[in-house]
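Enquirer:
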Amino acid sequence: EDDCLLYGGHLASILDAAEQAEAWEICEQALEEDGNDCGCWIGLSTLDDPAGEEFSWLDGNELNFSFFEGIPQQQPNNFANRDEDCVVTRPFQNGGWNDL
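Residues in the sequence shown are numbered from 3 upward in steps of one, following the numbering used here.
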């Protein structure tokens, strides 16, 4: 979020399937232009939860929609017992969300 603020923006909150599709379209364009295949960060994290388990939107919107199911590897998963607090869309999973 701090990097986004430097450029006058914010990480996106994605509140429904239509916003997911729109955000993924924008992300895909940016990835193609940059030659990047890492995905796009979104404004969902566990940083506000002392236990680091409950995801919430950085802007305070309620979490009523998620696209973790867009990735078949049981996301979010804190892979290899790492504390994965932030969320990125994955290009090879059609914008499915992955905790990192």
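We put the CB at the ideal spot given by N, CA and C, even for glycine.
Should F94 go down as buried or exposed, given a rule of 16 or more other Cβ atoms within 10 Å for buried?
Expert: F94 sits exposed, since fewer than 16 C-beta atoms from the chains shown fall within 10 Å of its C-beta.
Enquirer: Of the choices E24, E55, D61, whose alpha-carbon is the least far from that of Q42?
Expert: Sequence inspection shows Cys at residue 42; the Gln mentioned does not correspond to that position. Selected option, being the one with the closest Cα: E24.
Enquirer: So, does the region 27-43 touch the region 53-72, judging by three or more C-beta pairs under 8 Å?
Expert: no
Enquirer: Beta-carbon separation of I44 and A19 under 8 Å?
Expert: no
Enquirer: Any heavy atom of the ligand SAH within a distance shorter than 7 Å of the CB on D61?
Expert: Looking at this structure, you won't find the ligand SAH or any other ligand, since it has none at all.
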